[in-house]
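The sequence shown begins at 1 in my numbering and counts up one residue at a time.
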Amino acid sequence: MTTRILIPTHDMDGTEVADHFGRAPYFAVIELDANGTMIERNVHPNAGEHSGGR
1 MTTRILIPTH
11 DMDGTEVADH
21 FGRAPYFAVI
31 ELDANGTMIE
41 RNVHPNAGEH
51 SGGR
């Protein structure tokens, strides 16, 4: 069984965590195996990004 974790990020490398899901320009998807070992990492642009009233 695997687990996927979605993390909002500020950069395409997925290294800088964003504070707000709705304003994050990217999402890192981390897949872990049953032992908690990372087996895959992908970063995707946030197509639904909004400006939050700015």
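Heads up, the beta-carbon is just placed ideally off N, CA and C, and yes, glycines get one too. Quick caveat, the model's predicted, so the values are computed rather than measured.
- Provide the residue span of the beta strand (DSSP E) that contains ALA41, from first to last. What you label residue 41 is simply residue 41 of the sequence shown in a count that begins at 1. For the record, residue 41 in the displayed sequence is Arg; it is not Ala. Where ARG41 is concerned, the enclosing beta strand (DSSP E) starts and stops at 38-45.
- Query: Would the beta-carbon of PRO25 fall within 7 Å of that of ASN42?
  - Reply: Stepping through the sequence shown from its first residue, residue 25 is reached at position 25. Stepping through the sequence shown from its first residue, residue 42 is reached at position 42. Not in contact: PRO25 and ASN42 (Cβ atoms no closer than 7 Å).
- Message: Let's see if you can read the secondary structure: which residues bound the beta strand (DSSP E) around GLU31?
- Response: Counting from 1 along the sequence shown, the entry for residue 31 is found at position 31. Counting along the chain, the beta strand (DSSP E) containing GLU31 begins and ends at 26-32.
- Message: Let me confirm a value: GLY65 is counted as buried when at least 16 other C-beta atoms fall within 10 Å, else exposed. Which label applies?
- Response: Not covered by the structure: residue 65. The range shown for the chain is 1 to 54.
- Item | Which residues DSSP lists as bridging ARG4, in chain order | Taking the sequence shown and counting its residues from 1, the one referred to as residue 4 is at position 4. According to DSSP, ARG4 bridges with GLU31.
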